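To get the working numbering, take the position in the sequence shown, counting from 1, and add 14.
Even glycine gets a Cβ: it sits at the ideal position worked out from N, Cα and C.
Bear in mind the structure is a predicted one, so any value in this text is a computation, not a measurement.
Notes to accompany the following structure.
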Amino acid sequence: MPPERTSWSDPAVEEVADGVFRIPLPLPTDGLRAVNVYLIDSDDGPVCVDSGWAVPEGRDAFVTSLSSIRRAPRDISRYLVTHVHRDHYTQAVVLRREFESKISLGRKERDTLEALCDPGEEMIARRRDNLRRQGASELASPLERFHRGQPMQVTSEWEMPDDWLRDGDVVDAAGRRLDVIETPGHTRGHVVFHDAPDSILFAGDHVLSTITPSIGFELLPSVNPLGDFLRSLARVRDLPDAQLLPAHGPVAPSVHRRVDELVGHHVVRLDQAVAAVRGGADTTFEVAKQLHWTRHYRTFDELDLFNQLLAVSETGAHLKLLEAQGRLYSRLDDGVLRYLEGDLGDRP
Ligand SMILES: [Zn+2]
15 MPPERTSWSD
25 PAVEEVADGV
35 FRIPLPLPTD
45 GLRAVNVYLI
55 DSDDGPVCVD
65 SGWAVPEGRD
75 AFVTSLSSIR
85 RAPRDISRYL
95 VTHVHRDHYT
105 QAVVLRREFE
115 SKISLGRKER
125 DTLEALCDPG
135 EEMIARRRDN
145 LRRQGASELA
155 SPLERFHRGQ
165 PMQVTSEWEM
175 PDDWLRDGDV
185 VDAAGRRLDV
195 IETPGHTRGH
205 VVFHDAPDSI
215 LFAGDHVLST
225 ITPSIGFELL
235 PSVNPLGDFL
245 RSLARVRDLP
255 DAQLLPAHGP
265 VAPSVHRRVD
275 ELVGHHVVRL
285 DQAVAAVRGG
295 ADTTFEVAKQ
305 LHWTRHYRTF
315 DELDLFNQLL
325 AVSETGAHLK
335 LLEAQGRLYS
345 RLDDGVLRYL
355 EGDLGDRP
């Protein structure tokens with residue numbers, strides 16, 4: 015097959031709606047290829063949805079792309095950030111120090127952001143305990159080495175936003191009225207921005223066009239992140255259909271179509287997780303190793319450390335939902351969660 019001539023992640027600015035520009039910025043990890051920042055243009059100071067990862071190549075690409083539409087980082091009045099993950103949030107923090115733009119973030123990201131601002135030993139201990147519960151203690155040492163290798167970078171990228179967004183807020187973004195909708199799941203405080211008059215959804219990582227969002231990959235996950243995510247999908251499915259502006263991947267014509275596909279994906283994955291438990295895998299880690307990962311159907315062992323951690327958190331989210339549905343039950347055995355099929359009520 016000949017290589018694609020253009021890809022959504024190529025550094026080029028695309029006008030996706032009147033005065034709305036998609037600006038893909040590179041990421042230092044290859045898995046996601048790029049993150050889309052959306053600039054809503056206005057003479058009073060453009061507004062951006064998301065900001066990119068604070069790495070030199072991201073900044074260079076941002077400056078170059080903005081100059082092609084005769085803009086510069088100093089012009090941006092406000093960053094509306096969909097969630098606290100670093101590929102969305104951290105470049106806004108660094109640019110704010112120089113240009114005094116405002117940053118807005120969903121209020122339910124607050125606990126996570128406070129923990130990220132003050133990482134230290136507690137964060138490492140929490141991650142270690144969490145991996146132990148999931149039966150994945152063997153991933154703790156490589157993760158610890160990774161964190162200890164870059165303490166400065168971890169602390170300097172995190173600061174509080176200027177304001178917190180809540181469900182039902184209406185944001186004036188360069189003349190567009192954007193409804194703020196809380197969509198917990200990918201993270202606890204994820205929000206999307208809905209431009210109802212123009213039928214556009216700035217979807218962040220809640221609805222992605224070509225891949226499935228990771229679930230609950232965060233320092234302080236909720237009790238049932240996949241349950242939250244599926245409810246949040248139902249919520250945007252109830253809105254009138256809109257053009258999908260995702261944070262990774264190309265723009266797509268229908269939010270509804272993509273939401274239906276994502277729900278279908280999780281139905282299949284939930285059944286696969288039950289089958290793995292039935293086959294004898296009894297910890298989150300063991301179930302994760304039974305499943306295949308990414309669009310390329312990779313085995314768990316073929317994934318790098320970061321993607322193995324994503325796979326474990328994703329599997330944990332599936333198992334928690336299955337437990338909430340009564341299809342599995344769990345017990346804590348020496349600090350490790352062990353799953354069995356069926357409802358605790360069925361047991362003698
Ligand atoms: Zn992202």
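Asked                                                                                                         : Found
Coarse secondary structure for His270, derived from DSSP in three states                                      : helix
Three-state secondary structure assigned by DSSP to Gly356                                                    : coil
Cβ neighbours of Ala68 in the same chain (closer than 6 angstroms, five flanking residues each side left out) : Thr104, Gln105, Val108, Glu171
Status (buried if at least 16 other CB within 10 Å, exposed otherwise) for Ser228                             : buried
Below 7 angstroms from a heavy atom of ligand 1 - residues by beta-carbon                                     : Leu46, Val49, His99, Asp101, His102, Asp219, Ala261, His262
Rounded Cβ spacing between Asp342 and Val277 (contact assumed at less than 8 angstroms)                       : Strictly speaking, residue 342 in this sequence is Leu, with Asp absent from that position. Wrong, their Cβ atoms sit about 20 angstroms apart, outside the cutoff.
Three-state class that DSSP yields for Asn50 in the structure shown                                           : strand
For Ala75, the residue or residues it bridges with in DSSP                                                    : Ala75 is not bridged to any residue.
Expected contact under 8 angstroms - CB spacing of Asn321 and Gly45 to nearest Å                              : 6 angstroms
Per-residue burial, Gln402 [other beta carbons within 10 Å of its own, 16 or more giving buried]              : Absent from the structure is residue 402, since the part of the chain shown begins at 15 and ends at 362.
Beta carbon of Leu94 nearer than 8 angstroms to that of Val27                                                 : no
Nearest-angstrom Cα separation, counted from Ile37 out to Asp285                                              : 38 angstroms
Cβ-Cβ separation, His99 to Thr20 (assumed contact under 8 angstroms), whole Å                                 : The pair is not a contact, with the Cβ atoms about 26 angstroms apart (cut-off 8 angstroms).
Same chain, Cβ closer than 7 angstroms to Thr169, five either side skipped, listed in chain order             : Confidence at Thr169 is low in this model, with a pLDDT of 49, below 50, so the placement of that residue is unreliable and no value is reported for it.
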